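Asks: As you go down the protein sequences, you meet chains A and B in turn.
Under numbering that gives the first Met the number 0, read the first sequence as residues 0 to 98, first letter to last.
Under numbering that gives the first Met the number 0, read the second sequence as residues 0 to 259, first letter to last.
Don't be surprised by glycine CBs; every beta carbon is placed ideally from N, CA and C.
Quick caveat: nothing in here was measured; it's all calculated off a predicted structure.
One structure, as structure tokens, below. Some questions next.
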Amino acid sequence: MSLDNYLYLSALLFTIGAAGVLIRRNAIVVFMCIELMLNASNLAFVTFARMNGSIDGQLFAFFTMVVAACEVVVGLAIIVTIYRSRRSASVDDARLLKL
Amino acid sequence: MNLASIVNNQTQTPEAVLFFILAPVMVLSALGMLVVKKAVHSALLLAVVMIGLAIFYIANEAPFLGIVQIVVYTGAVMMLFLFILMLVGVDSSDSLEETIKGQRISAVLGSVGVGFLLISLLSRAELGRAYAGLELVNGEGNVQAIAKTLFTRYVWAFEVISALLITAALGAMVLAHRERLLPRKSQRELAAERVRQSAIPVAGLPGPGTYALHNAVDIPALLPDGSPADSSVSKTIAARGELANPNTFRMNEKNEAGEE
């Protein structure tokens with residue numbers, strides 16, 4: 000098996016994540032699809048690190064994980080705040096910034 | 000030679016077997032994320048994908064990242080997602096009507112196009128030299144190699160990211176904080192308010208199963224006219240779609256006549 004297969008898998012997962020962001024209406028599911036896209040790019044980083052025999056790709060993946068963790072914390076806090084004021088987690092109901 | 004080493008630009012057979020078993024499972028569960036209706040099921044499918052990715056990291060000579068993936072993603076992040084899902088409610092399933100007409104079909108077509116583009120790009124790309132593998136770099140151990148690079152070349156990025164983490168934690172606290180605008184209502188005030196409002200019955204809601212010949216929690220009580228009272232059953236059970244029909248427990252004519 001060639002190492003390229005990992006890259007194909009990564010591209011597939013990224014595409015599925017992007018499709019999910021466009022299709023789903025629930026803010027939490029949209030958020031999970033963004034996580035999937037970030038994870039898919041991490042897989043590409045790790046594979047490239049192995050292809051090139053350099054550890055830098057793994058470090059980039061590590062930094063991506065930290066940034067994704069921050070993003071999850073802030074994003075979920077925003078979703079909870081919106082849910083409190085609108086009683087709904089649908090992205091369609093959050094069209095206006097003020098109530 | 001260990002199992003992860005690359006021979007003639009090819010991985011060894013065990014890794015290929017691992018890939019071709021795990022990759023379809025991951026792709027299917029990622030696709031399942033898009034089609035299942037309930038957010039909880041999406042979260043569980045995402046957890047499957049993340050565990051699969053952790054295994055692939057370990058197979059790709061990144062054991063540290065594999066462990067971090069399990070601890071941070073399947074441990075912390077998915078926990079947070081499930082926690083928020085419980086806070087928002089299990090009945091927060093997607094509405095199936097489209098806000099923008101034709102959005103769903105164009106999104107699917109667009110994503111398929113992007114997918115084909117990415118994959119054809121990857122299949123045409125060439126590195127131009129043999130795949131190196133990480134045996135040399137990981138000689139002392141993967142964690143040591145990462146630490147050496149992280150605290151020399153990327154030490155500035157490391158510092159910046161620690162500032163980002165603190166900012167995110169503070170931001171989440173500020174966002175989730177709710178300022179109390181009015182003083183907290185006492186129990187006496189709440190009771191008086193409830194009596195004044197006619198929408199909520201003062202005597203309380205009917206218990207599940209009243210007059211329904213079966214007192215399980217998923218059976219709605221019967222009103223004097225024989226119709227089921229939806230307010231008698233917990234909203235969570237109704238959202239799960241586990242309501243039973245009280246008519247199934249109704250006595251038939253024979254029983255009432257005592258003929259048996």
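Mind the definition here: the segment 88 to 96 of chain A touches the segment 154 to 172 of chain B only if three or more C-beta pairs lie below 8 Å; say whether that holds.
Replies: Contact fails: fewer than three Cβ-Cβ distances are below 8 Å.
Asks: Taking just the CA atoms, how far does A/D3 sit from B/G140?
Replies: For B/G140 and A/D3, the distance between alpha carbons rounds to 25 Å.
Asks: Does the CB of A/L95 have a neighbour CB from chain B at under 8 Å?
Replies: Answer no: the Cβ-Cβ gap between A/L95 and chain B never drops below 8 Å.
Asks: Do the segment 8 to 28 of chain A and the segment 51 to 58 of chain A meet, that is, are 3 or more Cβ pairs less than 8 Å apart?
Replies: No: the two stretches stay apart, fewer than three of their Cβ pairs being nearer than 8 Å.
Asks: Check each candidate in B/G112, B/G51, B/A211, B/D217 and name the one with the smallest Cα separation from B/D224.
Replies: Comparing Cα-Cα distances from B/D224 to each of B/G112, B/G51, B/A211, B/D217, the minimum goes to B/A211.
Asks: Taking B/G114 and A/L11 to be in contact with their CB atoms under 8 Å, please state how far apart those CB atoms are, rounded to whole angstroms.
Replies: Sure, about 6 Å apart at Cβ, within 8 Å.
Asks: Going by DSSP, which residues form a beta bridge with B/P227?
Replies: Answer is B/L221, bridged to B/P227.
Asks: Under 7 Å Cβ to Cβ from B/L149, same chain only, skipping five residues before and after it: list those, please.
Replies: Around B/L149: F157.
Asks: What's the C-alpha gap between A/A76 and B/S161?
Replies: Roughly 20 Å separates the two Cα atoms.
Asks: Of the choices A/I27, A/N25, A/E34, whose alpha-carbon is the least far from that of A/V66?
Replies: Selected option, being the one with the closest Cα: A/E34.
Asks: For B/Q143, which three-state DSSP category applies?
Replies: Helix.
Asks: Would you call B/G276 buried or exposed, if buried means 16 or more other Cβ atoms sit within 10 Å of its Cβ?
Replies: Not covered by the structure: residue 276 of chain B. The range shown for chain B is 0 to 259.
Asks: For a cutoff of 8 Å on Cβ pairs, would you count A/S40 as touching chain B?
Replies: Taking Cβ atoms only, chain B never reaches closer than 8 Å to A/S40, which makes this a no.
Asks: Would you mind reading off the limits of the alpha helix (DSSP H) that contains A/S84?
Replies: Here the alpha helix (DSSP H) through A/S84 covers 55 to 85.
Asks: Using a Cβ-Cβ distance under 8 Å, would B/V26 count as near chain A?
Replies: Yes, contact with chain A.
Asks: Pick helix, strand or coil for B/V216, following the three-state DSSP scheme.
Replies: If DSSP states are grouped into helix, strand and coil, B/V216 belongs with coil.
Asks: In angstroms, rounded to a whole number, what distance separates the CA positions of B/Q143 and A/S84?
Replies: One C-alpha to the other measures close to 48 Å.
Asks: Bridge partners for A/S1 per DSSP, in chain order?
Replies: DSSP, once it has assigned bridges, lists B/Q9 as partnering A/S1.
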